[in-house]
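Residues 399 to 602 in the numbering used here are what the sequence shown spells out, letter by letter.
Note that the Cβ used here is the ideal one computed from N, Cα and C, for glycine as well.
As the structure is a prediction and not an experimental result, all values here were calculated from the model.
Only one structure is covered here, and it is reproduced in the block below.
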Amino acid sequence: MYKIFFKQRTLFLTSKIEKDLSDDFDSILKYSNRGELIDFIKRFECDSNINKAFIYWHDADELFNIFRDCFVNIAAAGGVVYNQTREYYLGIERRGFFDLPKGKLEDGENFEEAAVREVEEECGIKGVSILGLLLTTYHIYREKGDLILKETRWYKMVYNQDASPSPQVEEDISKVYWVKKGNITSGLPVYPLVLDVLARSNTK
Numbered sequence: 399m400y401k402i403f404f405k406q407r408t409l410f411l412t413s414k415i416e417k418d419l420s421d422d423f424d425s426i427l428k429y430s431n432r433g434e435l436i437d438f439i440k441r442f443e444c445d446s447n448i449n450k451a452f453i454y455w456h457d458a459d460e461l462f463n464i465f466r467d468c469f470v471n472i473a474a475a476g477g478v479v480y481n482q483t484r485e486y487y488l489g490i491e492r493r494g495f496f497d498l499p500k501g502k503l504e505d506g507e508n509f510e511e512a513a514v515r516e517v518e519e520e521c522g523i524k525g526v527s528i529l530g531l532l533l534t535t536y537h538i539y540r541e542k543g544d545l546i547l548k549e550t551r552w553y554k555m556v557y558n559q560d561a562s563p564s565p566q567v568e569e570d571i572s573k574v575y576w577v578k579k580g581n582i583t584s585g586l587p588v589y590p591l592v593l594d595v596l597a598r599s600n601t602k
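Pasting the structure below:
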């Protein structure tokens, strides 16, 4: 099953609809052709009352590839960065939301290289090391008229230095700070995607 976020809402692609369908779904589509799929995506984007939707077909991987072709695709990488004792991780405030450092791949970069670069740039630190891959997330959004599907690979990382982090303000980051493992900063909205990443980091 593929889980795809649109802000606070979620779209699922599955080949096992009987097993994966939840009681609180708002819309469902059995894939038959690209035109119907595009119409369903547009309706999901425009109707904020659809909080959870499902698309199903006999092959989830092939369905996802068909789904992916309906978007402009962007690759990104980021991380949950722990301190030396693994008791705290780096959180950021971006555009009024609690978030984690991440960004798009540059030409010639692989996901791991981009993850380290983006974390170090957005948090103003050097010397971050990757411990392992946490998960891959997908989310859709509109930018300059295009509907974007962003694939982000998230890594568990460690920062073994003592320098204080500082925000990359040109990326609309207002604060960077250490957060107790298992917690998020109270008082700020958090996207469900970020909660999924933090939940996985707490179990690995």
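Counting every other CB atom within 10 Å of its CB across the protein chains shown gives residue 484 a total below 16, marking it as exposed. Residue 518 holds the alpha-carbon nearest to the alpha-carbon of residue 528 among 537, 545, 536 and 518. If you look at residue 572, you'll find it in the beta strand (DSSP E) that goes 571–578. DSSP, read as helix, strand or coil, puts residue 511 in helix. For residue 425, same chain residues with a beta-carbon under 6 Å away, outside a window of 5 residues either side, are 448 and 451 in chain order.
Within the same chain, Cβ atoms closer than 8 Å to the Cβ of residue 441 are found at 425 and 448, the five residues on either side in sequence being excluded.
Straight across, the Cα-Cα distance linking residue 400 with residue 491 is about 28 Å. In the three-state reduction of the DSSP assignment, residue 422 falls in the coil class, being assigned neither a helical nor a strand state.
Apart from sequence neighbours up to five positions away, the residues of its chain that approach residue 537 with a beta-carbon distance below 6 Å are 403, 548 and 591, ordered along the chain. In the DSSP secondary-structure assignment, residue 465 is not bridged to any residue. When secondary structure is reduced to three states using DSSP, residue 560 falls in the coil class, being assigned neither helix nor strand. For residue 601, the enclosing alpha helix (DSSP H) starts and ends at 590–601. Classified as buried, residue 595 has 16 or more neighbouring CB atoms from the shown chains inside 10 Å of its CB. Between the beta-carbon of residue 516 and that of residue 500 there is about 6 Å, and that keeps the pair under the 8 Å contact cut. Residue 582 has its alpha-carbon roughly 29 Å from the corresponding atom of residue 418.
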